[in-house]
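Beneath this line is the structure, given in structure tokens, with notes to follow.
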Amino acid sequence: MREWRVPHSDQDLQKFRSKLLGWFHRHQRDMPWRRTRDPYCIWLSEIMLQQTRVAAAIPYYERFLETFPSVRALAGAEEEDVLRLWAGLGYYSRARNLQRAAREIVERHGGEFPRDFAAALALPGIGNYTAAAILSIAHGAPHAVLDGNVARVIARLEAIRGDLREGSRWRALQTSAGRLLDISHAGDWNQAMMELGATVCTPRAPNCAVCPVAESCRARKLGLTETLPEKRRKRAPEKVHLAVAVFLDPAGKTILFPPAKAASRKKEERNSELSALFSRLWHFPAAAVRKDARTELRRHLQTVGGMQMISAAKLLPLPPLRHAVTYREITITAFVVRVKELPGARTGRVLPMNKLHSLAVSGLTRKIARAALAR
DNA sequence: AACTCGGGGGC
DNA sequence: GCCCCAGAGTT
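Mind the numbering: the first sequence is residues 1 to 375 in our numbering, read in order.
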């Protein structure tokens with residue numbers, strides 16, 4: 001055993017576990033998915049929580065279960081309807097994979113979420129973390145989770161330096177997580193570690209004064225709680241300028257364009273790249289801007305949208321909007337185009353501006369719609 | 001191993 | 001502004 005491991009002895013480990021579990025039972029936050037053991041509900045919550053804060057996921061979780069209360073209901077749905085419920089939550093491949101997995105579960109597992117770790121791991125959208133979380137919480141299976149919270153907690157307990165996401169270091173953290181795991185309360189244990197990371201052992205300004213395991217913490221002994229873990233280096237941001245057309249007819253209807261098919265990475269055209277900015281969901285007609293937003297949008301509407309050329313004076317610009325998608329910083333110039341009759345487009349769907357939620361649209365599209373309606 | 005994928009809450 | 005969140009899939 002590496003001597004810096006914390007806690008040191010088996011006896012200390014027992015105390016460590018009972019302290020953290022006791023703390024968890026007293027201080028855990030109430031969450032909708034903590035009121036059930038249904039593997040489907042646990043699964044859904046874990047997918048929604050991937051890279052997403054608890055508070056953000058809760059309303060989506062409730063709405064989703066009202067519409068799709070079971071694996072079979074989800075498996076029988078249209079992907080479009082699943083995405084519509086996911087709209088605004090981000091990382092839309094989660095929703096697509098969730099539904100693909102539901103169909104696999106119905107076909108191969110009799111509609112029951114598999115209890116076997118390898119079988120769970122084989123489902124789309126389920127990696128090591130999610131498989132361990134679902135099986136431990138729903139069935140008490142002895143798998144330790146390792147997420148951002150747990151990694152930070154262990155990194156401080158053991159005073160680990162360096163980027164935690166780096167391969168060998170992440171594997172070492174997984175080993176430590178497995179050693180700490182209380183296998184007789186695996187589900188609660190995993191949640192306790194995450195809860196500690198989320199509410200006490202936070203990224204900045206950890207509240208060591210209330211930490212139930214502070215005396216086991218090596219970072220605390222060394223005065224490193226503020227400097228560990230070391231920050232991840234991030235990719236440099238990239239600026240993008242977008243021009244979009246918000247058509248409005250007298251009835252308050254507008255036109256959205258459909259999600260573009262995923263193009264192969266190499267021959268990805270500018271147009272399809274642009275569609276990725278809308279998360280490959282329904283979106284307003286849009287053009288990437290190099291010089292003049294109005295000119296390039298008008299040309300785009302004609303050449304790509306198949307519309308008749310629209311006179312420049314019809315395009316009334318809104319104040320620029322800003323939106324961030326991963327490392328891209330998007331500046332959006334939205335033009336409201338009031339028309340007596342919506343122009344015919346090659347593709348696209350006509351719907352009332354205030355019913356955008358009837359289609360799967362990204363947060364960016366919603367942001368543009370809000371700004372246009374506020375005029 | 002490096003990239004990509006959303007959006008927002010908290011400071 | 002900046003960080004990073006109950007990560008996974010692809011290249």
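Using N, Cα and C, we set each Cβ at its ideal position, and we do this for glycine too.
Because the structure is a prediction, the values reported are computed rather than measured.
Exercise. What is the rounded straight-line gap between the Cα of LEU164 and the Cα of GLY306?
Worked result: 50 Å
Exercise. What's the call for THR227, buried or exposed, on a 16-neighbour Cβ count within 10 Å?
Worked result: Residue environment: THR227 is assigned as exposed (fewer than 16 neighbouring CB atoms within 10 Å of its CB, all protein chains considered).
For this session: Taking only the alpha-carbon atoms, compute the straight-line gap between LEU356 and HIS139 and give it to the nearest angstrom.
Result: 40 Å
Exercise. I think ALA57 touches LEU65, with their Cβ atoms under 8 Å apart; what is that distance to the nearest whole Å?
Worked result: In fact, because the Cβ distance is near 12 Å, the residues do not count as touching under 8 Å.
Exercise. Is it true that the CB of THR333 sits closer than 9 Å to the CB of ALA312?
Worked result: No. Outside cutoff.
Exercise. Tell me the DSSP bridge mates of PRO317?
Worked result: PHE335
Exercise. What is the rounded straight-line gap between the Cα of SER362 and the Cα of VAL82?
Worked result: 13 Å
Problem set entry | Chain-order list of residues whose beta-carbon lies under 6 Å from that of ARG265 (same chain, five-residue window excluded) | At ARG265, the pLDDT of 42 sits below 50, so the modelled position is not reliable; the number obtained from the coordinates is stated separately. Hits under 6 Å: none found.
Exercise. My guess is that PHE335 and LEU351 are in contact by the Cβ rule of under 8 Å, so how many angstroms apart are they, rounded?
Worked result: The Cβ separation is near 19 Å, so there is no contact.
Exercise. Out of LEU277, VAL337 and ALA251, which has the shortest C-alpha to C-alpha gap to ARG328?
Worked result: Answer by Cα proximity: LEU277.
Problem set entry | Neighbourhood of GLU79 by C-beta, 7 Å cutoff - its chain only, sequence neighbours within 5 removed | Taken in chain order, the residues that qualify are ARG96 and GLN99.
Exercise. Looking at C-alpha atoms only, which residue of VAL54, CYS217 and THR347 is the closest neighbour of ASP12?
Worked result: Each of VAL54, CYS217 and THR347 was checked against the Cα of ASP12, and the nearest Cα belongs to CYS217.
For this session: Determine, using beta-carbon pairs with one atom in the segment 242 to 254 and one in the segment 179 to 187, whether at least three such pairs fall under 8 Å.
Result: No, the segment 242 to 254 is not in contact with the segment 179 to 187.
Exercise. Hey, would you say LEU146 sits closer than 9 Å to GLN174, going by beta carbons?
Worked result: yes
Exercise. Does DSSP put THR295 in a helix, a strand or coil?
Worked result: In the structure shown, the three-state DSSP call for THR295 is helix.
For this session: Evaluate THR347 with the Cβ neighbour count: other Cβ atoms within 10 Å of its Cβ, from every protein chain shown; 16 or more gives buried, anything less gives exposed.
Result: exposed
Exercise. At what residues does the beta strand (DSSP E) containing THR254 begin and finish?
Worked result: 253 to 256
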